[in-house]
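Please read the structure below before turning to the comments.
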Amino acid sequence: PGISAANPYGIAASGISDHTCGATNVHNPALTYGSMTDQDGNVYKTIVIGTQVWMAENLKASHYRNGDLIPVVTDATVWSGLTTGAACWYNNDSATYHCPYGKLYNWYAVADARNLCPTGWHVPSDAEWTVLTTYLGNDGGAMKTTGTQYWLSPISFATNSSGFSGLPAGARYSNGPFGNIGYYGNWWSATEYSSANAWEWHRPRKHPPPARRIAAAALFRATAGHRRERDQAGRGEGPGVPRPQRLRAGG
Numbered sequence: 001p002g003i004s005a006a007n008p009y010g011i012a013a014s015g016i017s018d019h020t021c022g023a024t025n026v027h028n029p030a031l032t033y034g035s036m037t038d039q040d041g042n043v044y045k046t047i048v049i050g051t052q053v054w055m056a057e058n059l060k061a062s063h064y065r066n067g068d069l070i071p072v073v074t075d076a077t078v079w080s081g082l083t084t085g086a087a088c089w090y091n092n093d094s095a096t097y098h099c100p101y102g103k104l105y106n107w108y109a110v111a112d113a114r115n116l117c118p119t120g121w122h123v124p125s126d127a128e129w130t131v132l133t134t135y136l137g138n139d140g141g142a143m144k145t146t147g148t149q150y151w152l153s154p155i156s157f158a159t160n161s162s163g164f165s166g167l168p169a170g171a172r173y174s175n176g177p178f179g180n181i182g183y184y185g186n187w188w189s190a191t192e193y194s195s196a197n198a199w200e201w202h203r204p205r206k207h208p209p210p211a212r213r214i215a216a217a218a219l220f221r222a223t224a225g226h227r228r229e230r231d232q233a234g235r236g237e238g239p240g241v242p243r244p245q246r247l248r249a250g251g
């Protein structure tokens, strides 16, 4: 799948694999990407996959849609006790990890009514993630950036044929430490499983199917992504190990 020549969401970028931040070998140069701009003026590539439009890069916004600042929290003890929205960079090292991984956001930022995503975009629901993975035949490799520049070897089944360009951006745990850069890509859904948990989508380096798991809403710290409109039905699966994730949005 790709984006049609009549893409209303942005300009053509076929033949280019660079991330908008300048990082190389992230995108599928055979596909045509669109673009979108967040509330801070950051520009991202987008991709049409089936009937959905997804960000093809992780969110890095510093403000909610209404202009309020999303606090950056570096201290592990403070992070573990948060009950309000916050963000950080992996290992608290923006110089190394901002490009191309974006920011990590906690669940409270994801669920905040002020909205992480720019106008016309939203954090995808569990049902919308299910539509994506069903369309791709549960082929996780179609969502993964190829090669070992970002994923640690061995990396299995990665083709990035969808253009989603998933990166192994790691996570931040409930008690503050970071882990799994190079091993896992994890992205929030906007869907709560219970008052204490929400669904996340998980992409490991070695196994082909994308996994759907329960993330402890109070424990997880994720990265942001978005996607645009669509209403679809979800499906249930069992819980998994809580792990912070990043964010992609849809339109």
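For the record, in the sequence shown the residue sitting at position 30 is 30 according to our numbering, with numbers rising by one throughout.
C-beta atoms are modelled at their ideal positions from N, C-alpha and C, and glycine is treated no differently.
Just so you know, these numbers come straight off a predicted model, no measurement behind them.
Membership of Tyr135 in the alpha helix (DSSP H) is indicated by the continuous run Asp126 to Tyr135. Separation of Tyr97 and Lys60 (C-alpha to C-alpha, rounded to the nearest whole angstrom) is 11 Å. For the pair of segments examined, the segment 148-165 was found not to touch the segment 62-78: the number of CB pairs separated by less than 8 Å stays below three. Straight-line spacing of the CA atoms in Ala87 and Asn106 works out to 6 Å. Scanning its chain for C-beta atoms nearer than 8 Å, with the 5 sequence neighbours on each side dropped, one finds around Ser17 the residues Thr24, Asn25, Val26, His27, Asn28 and Pro29, in chain order. The three-state reading of DSSP puts Gly141 in helix, counting H, G and I together. Residues of the same chain with a CB within less than 6 Å of the CB of Asp68, apart from the 5 flanking positions on each side, are Arg114 in chain order. Ser189 and Asp40 have their C-alpha atoms some 22 Å from each other. Within its own chain, the residues whose Cβ lies closer than 7 Å to the Cβ of Ala109, once the five positions on either side in sequence are excluded, are Ile70, Gly85, Ala86, Ala87 and Leu116, listed in chain order. The continuous alpha helix (DSSP H) containing Ser94 extends over residues Ser94 to Tyr101. Residue burial annotation: Asp93 is exposed, with fewer than 16 other C-beta atoms found within 10 angstroms of its C-beta.
Residue Tyr184 holds the alpha-carbon nearest to the alpha-carbon of Met143 among Tyr184, Gly176, Ala127 and Pro154.
When Thr32, Ile181, Tyr150 and Ile49 are compared, the shortest CA-CA separation from Gly137 is found for Ile49. DSSP, reduced to helix, strand and coil, places Tyr173 outside both helices and strands of the structure shown, so it counts as coil. Distances from the alpha-carbon of Asn186 to those of Gly102, Gln52 and Ile47 put Gly102 closest. Counted as a single uninterrupted DSSP element, the alpha helix (DSSP H) harbouring Trp79 occupies residues Ala76 to Ser80. Secondary-structure assignment with DSSP links Thr37 through a beta bridge to Val43. The residues Ala76 and Ser80, in chain order, have a CB closer than 7 Å to that of Asn175 in the same chain once the five nearest residues on each side in sequence are set aside.
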